[in-house]
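**Student:** Take a look at the following structure, please.
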Amino acid sequence: MFRFSFSTLIGFCAGIGLFIFAVMSSTSNYQIFVSISSLALVLGSTLAASLISYSTMDVLCAVKSMMQTFLHSPTSQRHLREIAQRFVDWSTIYRQGGVAALESSLTPADLKDEYVRDGIEMIGAGYKNHDIRILLTDQMDATWQRHTLESKVLNTMAVYSPGFGMVGTIVGLIIMLDNLNGDMAGLGKGLALALITTLYGVVLANLFFKPAANQVTEKQETMYFRHQLIMEGFVLLAEKRDALYIQDRLNAYLRPNARMKALIEELE
């Protein structure tokens, strides 16, 4: 089930709402700010330039990531603590029952997590702790590189859109100047329409593309941190460390108010 990010929704609605309020409180002819052709020019040209700069798959992944900015990040301190607690539980199971007991204790959520599933397979294959660290680090870095490219594509779109907004304005000015011999009363209206594309380009860059790029980077940094915790957990499992030691090591990845209680305190 999808969970929406309330901070993103509030920020987006506030940005759009304040813009609409500023327009409607300044003029009664607010319809002049609506131009489908101007919006199509900016969006279409930005997308076309992005497809020239990057592969189709990279652009599509970037657009998909931008749409997902409204979804809540699955990685929270509570989630990280649950992961750390799983490794504490697995350490006891693995030391007492071996790989078979460890695999039988996996939940559907564990199997759905590709990173966890790969780590379990490495434990079952008998990889040493340093081999697990190398393999999971390589996978973690590759994932980081893929998502970093998505952020780069969105930042590129943020650069392109104001430029193509200016192109639309220049096109509008050329058409307006060509009609100078006609109705001079429409000169001001024509200039206003010509500037709409620049407005669209700036708004798209600063309210959509740049914030989306920043959020993709922030989510990936959080996911990278999550993968580091999981990697460390599997390395400790491969070393067959006891539950208390694993708990102390993984607590270092959690905020003080989210850390697991000491096993000694729980026994008391």
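The sequence shown begins at 1 in full-length UniProt numbering and counts up one residue at a time.
Idealized CB from N, CA, C, for every residue including glycine.
No experiment lies behind these values; they were computed from the predicted model shown.
Can you tell me whether residue 85 is buried or exposed, with buried defined as 16 or more other CB within 10 angstroms of its CB?
**Tutor:** Exposed.
**Student:** On the CB-based measure, 16 or more other CB atoms within 10 Å of its CB, does residue 51 come out buried or exposed?
**Tutor:** Counting Cβ neighbours within 10 Å, residue 51 comes out exposed, since fewer than 16 surround it.
**Student:** Please look up how many angstroms separate the CB atoms of residue 223 and residue 136, rounded, as I've assumed it's under 8 Å.
**Tutor:** No, residue 223 and residue 136 are not in contact; Cβ-Cβ is about 13 Å, not under 8 Å.
**Student:** Quick one, which of 69, 59, 35, 22 has its alpha-carbon nearest residue 6's?
**Tutor:** Of the candidates 69, 59, 35, 22, the one whose C-alpha sits nearest the C-alpha of residue 6 is 69.
**Student:** Any idea what DSSP makes of residue 36, helix, strand or coil?
**Tutor:** If DSSP states are grouped into helix, strand and coil, residue 36 belongs with the helices.
**Student:** What distance in whole Å lies between the Cβ atoms of residue 150 and residue 216, which are believed to be in contact at a cut-off of 8 Å?
**Tutor:** Confirmed, about 5 Å.
**Student:** Kindly indicate which three-state DSSP category residue 60 falls into: helix, strand or coil?
**Tutor:** Three-state result, residue 60: helix.
**Student:** Could you give the C-beta distance for residue 46 and residue 140, rounded to a whole number, given that I count them as a contact under 8 Å?
**Tutor:** The pair is not a contact, with the Cβ atoms about 32 Å apart (cut-off 8 Å).
**Student:** I need the DSSP call for residue 274, collapsed to helix, strand or coil.
**Tutor:** Residue 274 lies beyond the stretch modelled for the chain, which goes from 1 to 268, so this question has no answer here.
**Student:** Judging by CA-CA distance, which residue of 87, 42, 33, 27 is the nearest neighbour of residue 234?
**Tutor:** When each option's Cα is compared against that of residue 234, the closest is 87.
**Student:** Quick one: grab the DSSP three-state call for residue 199.
**Tutor:** If DSSP states are grouped into helix, strand and coil, residue 199 belongs with the helices.
**Student:** State the DSSP-derived secondary structure class of residue 267, mapped to helix, strand or coil.
**Tutor:** Bear in mind that the predicted position of residue 267 carries a pLDDT of just 41, short of 50, making it too unreliable to give a figure here.
**Student:** Could you give the first and the last residue of the continuous alpha helix (DSSP H) run that contains residue 280?
**Tutor:** Outside the modelled stretch of the chain, which goes from 1 to 268, sits residue 280, for which no answer is possible.
**Student:** Roughly how many angstroms lie between the CA atoms of residue 237 and residue 91, to the nearest whole one?
**Tutor:** Answer to the nearest angstrom: the Cα atoms are 6 Å apart.
**Student:** Residues in its own chain within less than 7 Å of residue 9 by CB, not counting five upstream and five downstream?
**Tutor:** Excluding residues within five positions, the ones whose Cβ falls inside 7 Å are 70.
**Student:** What residues in its chain sit with their C-beta under 7 Å from that of residue 191, if we drop five residues either side in the sequence?
**Tutor:** The residues are 176.
**Student:** Indicate whether residue 163 and residue 200 have their beta-carbon atoms separated by less than 7 Å.
**Tutor:** Taking 7 Å as the Cβ cut-off, residue 163 and residue 200 do not qualify as a contacting pair.
**Student:** Based on DSSP bridge pairs, tell me the residues matched to residue 254.
**Tutor:** DSSP, once it has assigned bridges, lists no residue as partnering residue 254.
**Student:** Just to check my reading of the structure: residue 143 and residue 169 have Cβ atoms closer than 8 Å, yes? What is that Cβ distance to the nearest angstrom?
**Tutor:** Contact flag wrong, Cβ pair sits at about 41 Å.
**Student:** Measuring alpha carbon to alpha carbon, tell me which of 171, 214, 255 ends up nearest residue 37.
**Tutor:** Comparing Cα-Cα distances from residue 37 to each of 171, 214, 255, the minimum goes to 171.
**Student:** Using the Cα positions of residue 106 and residue 133, report the straight-line distance between them to the nearest angstrom.
**Tutor:** Cα to Cα, residue 106 sits roughly 21 Å from residue 133.
**Student:** Could you compute how far the alpha carbon of residue 125 sits from the alpha carbon of residue 113?
**Tutor:** Residue 125 and residue 113: Cα-Cα distance of roughly 18 Å.
**Student:** Mind checking whether residue 129 and residue 218 have CB atoms under 7 Å apart?
**Tutor:** Contact flag unset, no.
**Student:** Using the three-state DSSP reduction, which class does residue 106 fall into: helix, strand or coil?
**Tutor:** Residue 106 falls in the coil class under three-state DSSP.
**Student:** Quick one: is residue 181 buried, meaning 16 or more other Cβ sit within 10 Å of its Cβ, or exposed?
**Tutor:** So residue 181 counts as exposed.
**Student:** For residue 154, which option in 116, 59, 30, 118 has the closest C-alpha, if you only look at C-alpha atoms?
**Tutor:** Closest by alpha carbon: 59.
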